[in-house]
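J.: In our numbering, the protein residues as written are 735 to 1066.
Backbone N, C-alpha and C fix where the C-beta goes; we use that ideal spot for every residue, glycine too.
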Ligand code: EPU
């Protein structure tokens, strides 16, 4: 176990905000986590993954927990469906790469998403028509409130678009491992427009296509700090969609009709229509190729730069379209 006081978190958030926490603990297994003397730790206690969906708005006064539970175990019973158990600290994309290399279908559309397995389960990560909830069977946790281990079925996890019971419970549960079910049988999911016509002969070929799309649109985490999509795609009524259409004559508003009749509108499109691509606040900027992403353009952007840009985007989109964007990125 690693335990550090007054610890620099720059390497633990993909936005690369230069912030510190009072205490940082990285544990190797559930026993180490369960054995911590929580009452003696600086508060609040928060768990992070790779810090790829987080904005630290200031120094964190409490304890940051991080998982180094990194096992991947195949429970192969010779059936088409293969149960796989992965530790909460496994890098999500390492897991996807490994599943694809074993020709197992299910996770390939979720290639190159930053973050770790535990955070994927909390956030219900999704891309290219697939969400984490589509391939998970169960989630094992440590309950920080009751100080005991527990397991949840998918139904109990309460998954929705970037939502879960774990998010609702605001830090109560630490995901220690997940049980996925992947398949030997081909089951490509190519409904997302950018994927139609790609080579779907193997999970690896789909993974290669997804990686090519993402590399073309999203900043390379190696050289530009960001937290991926900064806002959620707003879900609005058909009437509100009609109002938006009315304000952009001659243009078809991109939208996706949800079961129940509400519509999801790409936040990227709304931001783009407001002419905010490349907009800057201090060292932070709206990414040119995908305006849903805010980047640490200068490399030394401060949390306040990002917050200022966020305020400006929300106000401008609201003024123009009457839609209030909400951040996808968690603010700490
Ligand atoms: N668009 C523009 N201008 C642009 C770019 C995009 O108008 O410059 C519009 C277009 O209409 C485009 C639409 O935005 O068709 C949607 O863009 P895209 O397909 O790239 O996806 P997104 O809705 O912006 C979501 C996820 C991404 C995920 C992609 C692909 C959210 C908040 N984001 O983005 O997830 O990779 O779909 O499935 O749901 C992340 O969460 O960090 C993330 C990257």
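(1) Would you check whether the ligand EPU has a heavy atom nearer than 7 Å to the C-beta of residue 967?
(2) Could you tell me which whole alpha helix (DSSP H) segments of length 4 or greater appear in the region 950 to 1028?
(3) How would you call residue 840, buried or exposed, if buried means at least 16 neighbouring beta carbons within 10 angstroms?
(4) Where do the ends of the alpha helix (DSSP H) carrying residue 910 lie?
(5) Since residue 1055 is in the alpha helix (DSSP H), which residue starts that stretch and which ends it?
(6) Sorted by chain position, which residues of the same chain lie with C-beta nearer than 6 Å to residue 777's C-beta, five sequence neighbours on each side aside?
(7) Give the secondary structure of residue 877 by DSSP, where H, G and I count as helix, E and B as strand, and everything else as coil.
(8) State the CB to CB distance for the pair residue 848 and residue 1009, rounded to an integer number of angstroms; the pair is presumed to be in contact (CB under 8 Å).
(9) I need the DSSP call for residue 752, collapsed to helix, strand or coil.
(10) Beta-carbon separation of residue 830 and residue 844 under 8 Å?
(11) Indicate, with yes or no, if the ligand EPU has a heavy atom lying under 7 Å from the CB of residue 1085.
(12) Quick one: grab the DSSP three-state call for residue 811.
(13) Buried or exposed for residue 784, please, with buried defined as at least 16 other CB atoms from any protein chain shown within 10 angstroms of its CB.
(14) Counting only beta-carbon separations shorter than 8 Å, does residue 1064 have a partner in chain B?
(15) Using a threshold of 7 Å, is the CB atom of residue 741 nearer than that to any non-hydrogen atom of the ligand EPU?
(16) Based on the DSSP output, what are the partners of residue 884 in its beta bridges?
(17) What is the DSSP secondary structure of residue 742, reduced to helix, strand or coil?
(18) Using only CA atoms, which one of 904, 750, 861, 989 lies nearest to residue 790?
(19) Apart from the five residues just before and just after residue 905, which ones in its own chain have a Cβ nearer than 8 Å to its Cβ?
(20) So, at 7 Å on beta carbons, what are the nonlocal neighbours of residue 972 in its own chain, with the 5 sequence-adjacent residues on each side left out?
(21) Where do the ends of the alpha helix (DSSP H) carrying residue 852 lie?
(22) So, helix, strand or coil for residue 824, using DSSP?
(23) Hey, is residue 736 close to the ligand EPU, as in C-beta under 7 Å from one of its heavy atoms?
(24) Express the C-alpha separation of residue 984 and residue 851 in angstroms, rounding to a whole number.
(25) Among the residues of its own chain, which have a CB less than 6 Å from the CB of residue 1029, if the five just before and after it don't count?
(26) Quick one: what's got a C-beta closer than 6 Å to residue 889's C-beta in the same chain, skipping five residues either side?
T.: Taking the structure as given:
(1) yes
(2) Counting whole runs of 4 or more residues, the region 950 to 1028 contains the alpha helix (DSSP H) stretches 972 to 981, 1001 to 1007.
(3) buried
(4) No alpha helix (DSSP H) contains residue 910, which is instead part of the beta strand (DSSP E) from 907 to 917.
(5) 1037 to 1055
(6) 796
(7) The answer is strand: DSSP assigns residue 877 an E or B state.
(8) So it is not a contact: roughly 28 Å between Cβ atoms.
(9) coil
(10) Closer than 8 Å, so yes.
(11) Lying before the first or after the last residue shown, residue 1085 is absent from the chain, which here runs from 735 to 1066.
(12) coil
(13) buried
(14) The displayed structure is made up of one protein chain only, and chain B is not part of it.
(15) no
(16) Looking at the DSSP assignment, residue 884 forms a beta bridge with 875.
(17) strand
(18) 750
(19) 778, 779, 780, 781, 878
(20) Counting only Cβ-Cβ distances below 7 Å, and skipping sequence neighbours, we find 995, 997.
(21) 851 to 857
(22) When DSSP states are grouped into helix, strand and coil, residue 824 belongs to the coil group.
(23) no
(24) 44 Å
(25) Correct list, in chain order: 953, 958, 960, 1019, 1021.
(26) none
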